[in-house]
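Everything in the sequence shown is counted per my numbering, starting at 736 for the first residue and increasing by one. Using N, Cα and C, we set each Cβ at its ideal position, and we do this for glycine too. Because the structure is a prediction, the values reported are computed rather than measured. Written below as structure tokens is the structure these notes are about.
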Amino acid sequence: MIDRERLRVGPGTAPDLAGRDPADRLGLGDDETARELVRELQHELVQLQYRLEAESERAVLLVLQAMPAAGKDETIR
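Take a look at the structure:
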């Protein structure tokens, strides 16, 4: 499982992108393990999105980093 605290950026602080290794797999291992985790977290993300919309008090910023043609546009849609 991913250590979410490693990815969290607190209010009023800037992310340390220069200090991040783009090759860091965050402990996911191989691609199939990563795909399985994404499937598991998808339901949780949908529920959190509904809650955020209902509360109308907070926002979420997702940063997608990938090579060109890696599917970022499809992820957003």
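(message) Please tell me whether E779 has its Cβ less than 8 Å away from any Cβ of chain B.
(response) In the structure shown, chain B does not exist; there is a single protein chain.
(request) Let me know the secondary structure DSSP gives E792 once reduced to three states. (result) coil
(message) Give me, in chain order, the residues of the same chain whose beta-carbon lies closer than 6 Å to that of K807; leave out the 5 immediate sequence neighbours on both sides.
(response) L799 and A801
(message) Measuring only the C-alpha atoms, how far is L780 from L742?
(response) 16 Å
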